[in-house]
Amino acid sequence: MTSHLKEISKSIEAAQGESFLEELNRKWNDHNKALQMIRDILMYMDRTYIPSNHKTPVHELGLNLWRDNIIHSSKIQSRLLNTLLELVHRERTGEVIDRGLMRNIIKMLMDLGSAVYQEDFEKHFLEVSAEFYKVESQKFIECCDCGEYLKKAEKRLNEEIERVTHYLDAKSEIKITSVVEKEMIANHMPRLVHMENSGLVNMLLDDKYEDLGRMYNLFRRVPNGLLTIREVMTSHLRETGKQLVTDPERLKDPVEFVQRLLDEKDKYDSIINKAFSNDKTFQNALTNSFEYFINLNARSPEFISLFVDDKLRKGLKGVSEEDVEIILDKVMMLFRYLQEKDVFEKYYKQHLAKRLLSGKTVSDDAERSLIVKLKTECGYQFTSKLEGMFTDMKTSQDTMQGFYASHPELGEGPTLVVQVLTTGSWPTQPSSTCNLPSEMSALCEKFRSYYLGTHTGRRLSWQTNMGNADMKATFGKGQKHELNVSTYQMCVLMLFNNAERLNYKEIEQATEIPAPELKRCLQSMACVKGKNVLRKEPMSKDIGEEDAFFVNDKFSSKFYKVKIGTVVAQKESEPEKQETRQRVEEDRKPQIEAALVRIMKSRRVLDHNNLISEVTKQLQQRFLPNPTEIKKRIESLIERDFLERDNVDRKLYRYLA
Amino acid sequence: MAITGARQKAAVQALKASDWHLEGAFDVFYSQPQSKTHTDSRHLEELYNRYKDPYLDMIMADGIARLCNDLQVDPQDIVMLVVSWHMKAATMCEFSKQEFVGGLQSLGIDSLEKFQERIPFMRSELKDEQKFREIYTFSFGWAKEKGQKSLALDTAIGMWQLLFAEKHWPLVDHWCQFLQARHNKAISRDTWSQLLEFTRTVDSGLANYDAEGAWPYLIDEFVDYLNENGVGADGFSRTIGA
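Protein chains in written order, with full-length UniProt numbering: chain A, 1 to 657; chain C, 1 to 242.
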């Protein structure tokens with residue numbers, strides 16, 4: 001057989017150009033057929049003599065001879081390889097080749113044994129492919145933008161996969177795809193991602209879902225691919241977020257501020273959903289970034305509360321229940337990112353109080369829904385006072401009904417509506433002096449005795465700075481209006497029923513309203529266009545001690561009902577902000593102490609660093625405690641004999657029962 | 001016996017304990033609890049009456065001043081602190097009869113001469129690390145007002161300057177300046193005791209100061225103050241600006 005094969009080999013060698021492979025193929029087919037026949041003929045020997053004498057079976061022998069004499073013949077071996085590689089290359093450059101022939105030849109190599117396939121073909125195939133793609137990727141990256149490049153890379157990848165199915169061993173797929181991934185993607189990852197005007201950041205900015213999706217799919221194939229995307233996305237997001245929260249322009253309008261944050265969140269949620277197949281690691285990166293920059297601005301808690309306030313006052317008017325839920329859920333997401341949740345609580349309470357007392361909430365259900373969400377997030381303690389506020393409102397309604405039911409004679413006079421607020425639940429306000437007009441004070445006294453009649457042992461104090469009044473007014477030319485004013489404003493206006501002209505000092509004396517509030521109150525009634533029910537001499541913007549006030553007989557307004565009250569929640573002024581911050585800090589001290597005592601009581605003995613980290617962990621749901629403050633509290637507890645230092649190890653604390 | 005004023009039995013014991021070496025015997029003798037020494041309680045009574053206040057059954061500031069005068073010791077001398085410690089005196093500037101008599105008894109003193117003789121010994125006690133610690137800790141309770149939990153700042157500063165002059169701490173002046181400039185409040189017991197640890201553990205260049213070392217807040221602030229004012233490498237450096 002060997003000599004026969006040598007003959008064949010010569011004839012194959014002789015084949016020119018194109019026909020080389022065909023000749024090889026033809027001879028191979030002939031050989032196979034012959035081999036089969038020989039095997040059949042020698043089957044008996046195959047089954048008996050050969051196994052017992054450990055000789056190679058016929059078929060196998062035939063294959064080996066083919067391999068040694070033809071495939072490994074010096075003239076054929078390299079020519080075969082080069083021809084095959086040449087064809088692959090041509091196909092890659094767009095030519096159509098005879099795939100059937102390729103398949104047969106490759107199959108021949110596979111049949112000769114996987115060693116042959118790998119050594120004589122696959123190994124070189126992979127090397128050449130690597131070279132090819134190295135060159136190609138370099139060419140592309142010079143001339144294409146990121147999106148185009150990725151498209152090309154994807155196309156090549158798919159081509160190779162297809163190639164394998166058509167005429168290569170299936171096991172080669174993973175190897176060739178690795179080559180493509182490495183050459184086209186892994187080697188150029190940084191450059192692609194950071195490409196100017198078309199890189200990852202640009203794609204994010206322009207919401208290019210398709211390109212982003214493609215990048216995600218390609219990069220996930222290479223080591224650290226997704227990590228790279230995630231890192232760039234995170235740093236971009238953090239940078240953008242940081243600019244957002246520190247931009248002084250933005251800070252002027254809290255509602256806008258929060259809306260922008262929500263928009264940014266929506267944008268990235270979309271991207272992660274549509275392009276990054278909801279990958280959890282990306283979601284986490286998003287969360288971390290938001291947590292980072294939202295807390296860069298110490299006013300974020302206040303602003304989020306103001307946003308909610310705006311929505312609950314008017315923003316949610318006419319919005320369907322489901323949409324309300326959606327908006328509130330989104331707000332809750334931002335809330336979760338806050339480090340100083342206790343600051344939020346303080347502001348929320350203030351704003352809620354104003355909403356409830358002025359009756360300005362657009363939907364009771366929405367209010368309650370939000371409270372429930374806060375409770376789920378932070379526990380009962382967080383919301384118990386807020387719920388107390390709602391209860392007070394309801395109870396007050398019942399109380400008013402009872403009051404008027406038992407005093408039918410009051411039906412004629414001014415209508416009094418009282419909200420009785422439980423001191424612990426509502427934000428603390430210092431109550432200030434204010435002389436109510438006699439009609440009102442008599443009425444208030446009646447209420448007081450009624451209430452204390454049914455609730456002995458309680459104390460009532462009028463919060464004149466939080467009330468409002470509706471008054472019917474007739475002006476000089478007969479124009480009638482209904483004015484909605486604050487209690488202070490009401491007191492001032494009522495004075496003019498008995499006097500044409502009053503100067504500042506007289507007003508101050510009569511009402512006993514504290515000067516800063518009184519000035520604000522007069523300003524709102526004398527200096528604001530459209531609300532100037534009073535006239536002031538001189539006409540300046542500021543209130544001077546010598547100013548004189550008159551009823552503005554020329555007052556006019558398009559509306560019958562004119563609102564002059566000033567009870568809307570606003571962004572705090574600098575001094576107010578300091579005050580609130582101070583109160584929050586004061587409130588934190590007992591919380592830290594309670595946590596310290598709790599921990600030490602259960603652990604008995606604990607060292608300094610662990611104690612600090614335990615306390616921080618326990619409190620982090622509400623706020624991030626300052627380690628220095630914790631230290632001060634520890635010392636205070638040592639002073640008060642709750643704790644002591646260990647005699648031997650001064651870093652160890654012991655609980656004193 | 002002539003030198004220590006001890007009785008024969010105690011002298012023999014001491015000599016035995018030190019293998020009959022005379023100097024070793026002195027060491028042994030002096031390190032023994034002093035109650036073994038005999039004192040005449042009548043003499044002590046007389047001594048007490050000499051200095052006690054005419055109206056109260058206590059020796060008050062006046063009496064103490066006279067005592068110091070007779071001993072030829074400055075009333076501000078730190079040795080008086082050591083004396084008070086031995087007496088377990090409750091408050092500065094007064095001794096109860098029990099404190100006075102008990103304390104002197106434990107020191108083996110029943111006359112002014114013996115008192116004067118013991119003074120060098122008492123001074124030497126300050127050099128002993130353990131005793132110094134005890135005296136330091138004692139001073140807090142002793143120096144503060146009766147019924148107060150904390151020690152007034154001025155008194156504390158005075159005490160610190162007294163104590164750390166004896167056992168030199170390079171930063172004592174900076175510490176006192178710092179307190180006057182920044183703290184202006186009373187000193188808690190914890191701060192007092194932790195300060196001694198601080199002088200013992202942290203070198204004056206602050207090189208081994210551990211910010212996580214559970215030092216009281218005031219001491220952390222002190223370190224910041226030092227850093228702000230450029231006290232770093234050698235502790236003795238530039239004077240702090242007013």
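Beta carbons: idealized from backbone N, C-alpha and C, even for Gly.
Distance between beta carbons of Phe549 of chain A and Ile507 of chain A, contact taken as under 8 Å: 7 Å
Proximity to Tyr225 of chain C [Cα-Cα], best of C:Phe198, C:His174 and C:Trp215: C:His174
Comparing the CB of Met332 of chain A with every heavy atom of the ligand HEM, is any distance shorter than 7 Å? Ligands are entirely absent from the displayed structure, and the ligand HEM is therefore not among its contents.
Helix, strand or coil, according to DSSP, for Lys531 of chain A in the structure here? coil
Endpoints, beta strand (DSSP E) assigned at Leu206 of chain C: Looking at the DSSP string, Leu206 of chain C is not in any beta strand (DSSP E), and its letter there is neither H nor E.
Bridge partners - Phe550 of chain A, DSSP secondary structure assignment: A:Arg501 and A:Arg535
Just confirm the distance between the C-beta atoms of Met87 of chain C and Gly103 of chain C, as a whole number of angstroms; I'd bet it's less than 8 Å. 3 Å
Check whether the Cβ of Asn647 of chain A lies closer than 8 Å to any Cβ atom in chain C. no
In this structure, what does DSSP give as the bridge partners for Val485 of chain A? A:Ala469
Just to make sure I have the definition right: I need the residues of chain C whose C-beta is within less than 7 Å of the C-beta of Asn609 of chain A. Which are they? Glu212
Residue-level contact to chain A via CB, Ser124 of chain C, 8 Å cutoff: no
May I ask you to list the residues that DSSP assigns as paired with Thr474 of chain A? A:Lys480
In chain A, what lies closer than 8 Å to Tyr217 of chain C by C-beta? Thr628, Lys631, Lys632 and Glu635
Let me check one thing: in DSSP terms, what residues is Met58 of chain C bridge-paired to? C:Ser96
Pull the bridge partners of Lys563 of chain A from the DSSP assignment, please. A:Asn484
Listed by chain order, chain C residues near Ile638 of chain A by CB distance under 7 Å: Asp190
Exposed or buried, Asp128 of chain C, counting other C-beta atoms within 10 Å across all chains shown (16 or more means buried)? exposed
Determine, for Arg650 of chain A, whether the minimum Cβ-Cβ distance to residues of chain C falls below 8 Å. yes
Looking only at DSSP bridge pairs, what is Tyr653 of chain A linked to? A:Leu606 and A:Arg645
Residues of chain A with CB under 8 Å from Glu145 of chain C, in chain order? Chain A residues near Glu145 of chain C: none, gap ~16 Å exceeds 8 Å.
Pick helix, strand or coil for Ile109 of chain C, following the three-state DSSP scheme. coil
Just the Cα atoms here: how many angstroms apart are Thr361 of chain A and Leu316 of chain A? 10 Å
Would you kindly check if the distance between the Cβ of Glu196 of chain A and the Cβ of Val222 of chain A is under 8 Å? no
Cα separation between His183 of chain C and Leu522 of chain A? 45 Å
Residue environment, Ile187 of chain C, which counts as buried when at least 16 other CB atoms sit within 10 Å: buried
Secondary structure at Ile187 of chain C, three-state DSSP: helix, strand or coil? strand
If residue 682 of chain A sits next to Tyr117 of chain A, beta carbons under 8 Å apart, how far is it from one beta carbon to the other, in whole angstroms? Outside the displayed range of chain A (1 to 657) lies residue 682 of chain A, so it cannot be described from this structure.
Give a yes or no on whether the C-beta atoms belonging to Leu205 of chain A and Ile229 of chain A are separated by under 8 Å. no
Counting only beta-carbon atoms, is Lys185 of chain C nearer than 8 Å to chain A? no
Reduced DSSP secondary structure (H/G/I, E/B, other) of Leu460 of chain A: coil
Using a Cβ-Cβ cut-off of 8 Å, state whether Gln194 of chain C counts as contacting chain A. yes
Nearest neighbour of Val308 of chain A, chosen from A:Glu340, A:Glu321 and A:Lys349 [CA to CA]: A:Lys349
Quick check on the DSSP output: the alpha helix (DSSP H) that includes Cys146 of chain A runs from which residue to which? Cys146 to Tyr167
First and last residue of the uninterrupted alpha helix (DSSP H) at Thr454 of chain A: Ser438 to Thr454
Run through the DSSP bridge pairs and tell me what Leu151 of chain C is partnered with. C:Ile187
For chain A, check one thing: does any of its Cβ atoms lie closer than 8 Å to the Cβ of residue 257 of chain C? This structure does not reach residue 257 of chain C, given that chain C is present from 1 up to 242, and the question cannot be answered.
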